[in-house]
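Read the structure below first, then the notes.
2 protein chains.
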Amino acid sequence: MDKPSCHIFVCASFRSDGDAKGVCHKKGSTDLLPYIENEILDRGMNAQITSTGCMKACDYGPVMVIYPQGHWYGKVESETAVDEILDAIENEAVAENFLIQ
Amino acid sequence: MDKPSCHIFVCASFRSDGDAKGVCHKKGSTDLLPYIENEILDRGMNAQITSTGCMKACDYGPVMVIYPQGHWYGKVESETAVDEILDAIENEAVAENFLIQ
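Residue numbers (the working numbering), protein chains in the order written: chain A, 1 to 101; chain B, 1001 to 1101.
Quick look at the structure:
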């Protein structure tokens, strides 16, 4: 099976019963999913995007985590933020403006 | 913020509307979450567990993905399977019996 070279996890605050009710979801994290998916295609990135249950970083939400890099990003609230993060992935860099220290 | 040295993603087949209806969920992936959480505590592992939306590996479900290692495991249907995978993480090895090639 093909595996992505980059795996982008977007917190959607799912509870164990499936409800998406937490901070990241309330702040619109899932609204950005279509934009991220389109950008990945447009850029031809070998990346997969997966929404997740609460990643326990609610203070920093909306949260996005990139593996295998292990970069945790917070306050990802706009297409501009997504662009900066995807630019960083493509350039093997870190999007400092959104990095959770 | 403390970040885990190992991040375990368990597919719970969430749809974008939050319903957990897909293959991994039907096969009981989320039933194992409490066991995995307890094992992580018992073993004193610096690991975080996160449930996810569909990871698009339904043929291999229930699916578990480990980062930063980038190991994709399938047919994770029992506590024995979980034990083998956690053993592998602790030993910096691969649980060959469940590895998705």
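Where is the CB? At the ideal position from N, CA and C, for every residue including glycine.
Residue i at chain A interface by Cβ criterion, 9 Å
| i | result |
| --- | --- |
| Ile1100/B | yes |
| Tyr1067/B | yes |
| Lys1003/B | yes |
| Gly1044/B | no |
| Ala1012/B | yes |
Sequence-distant residues of the same chain with beta carbon closer than 6 Å to residue i, five excluded per side
| i | result |
| --- | --- |
| Val10/A | Ser29, Ser51, Met64 |
| Met1055/B | Cys1011, Val1063 |
| Trp72/A | Val65, Ile100 |
| Leu86/A | Glu39 |
| Val23/A | Cys58, Gly61 |
| Tyr67/A | His7 |
| Gly1070/B | none |
Any chain B beta carbon closer than 9 Å to residue i
| i | result |
| --- | --- |
| Thr52/A | yes |
| Met55/A | yes |
| Ala81/A | no |
| Asp59/A | yes |
| Gly28/A | no |
| Gly22/A | no |
Where residue i falls, given that 16 or more other Cβ within 10 Å makes a residue buried
| i | result |
| --- | --- |
| Leu1041/B | exposed |
| Gln1101/B | exposed |
| Met93/A | Here residue 93/A turns out to be Ala, not Met, going by the sequence shown. That one is exposed. |
| Gly61/A | buried |
| Gly1044/B | exposed |
| Gly1074/B | buried |
Cutoff 7 Å; reference residue i; Cβ partners in own chain excluding five residues on either side
| i | result |
| --- | --- |
| Asn46/A | Pro4, Ser5, Cys6 |
| Val82/A | Leu32, Tyr35, Ile36, Glu39, Val76 |
Which residues DSSP lists as bridging residue i, in chain order
| i | result |
| --- | --- |
| Val1065/B | Phe1009/B, Trp1072/B |
Contact belief for residue i with residue j at Cβ below 8 Å, rounded distance in angstroms
| i | j | result |
| --- | --- | --- |
| Asn97/A | Glu84/A | 6 Å |
Contact with chain D by residue i, beta-carbon distance below 9 Å
| i | result |
| --- | --- |
| Asn1046/B | Checking the listed chains, one finds no chain D in this structure; the protein chains it contains are A and B. |
8 Å Cβ shell around residue i - same chain, five flanking residues per side excluded
| i | result |
| --- | --- |
| Lys1027/B | Gly1061, Pro1062, Glu1077 |
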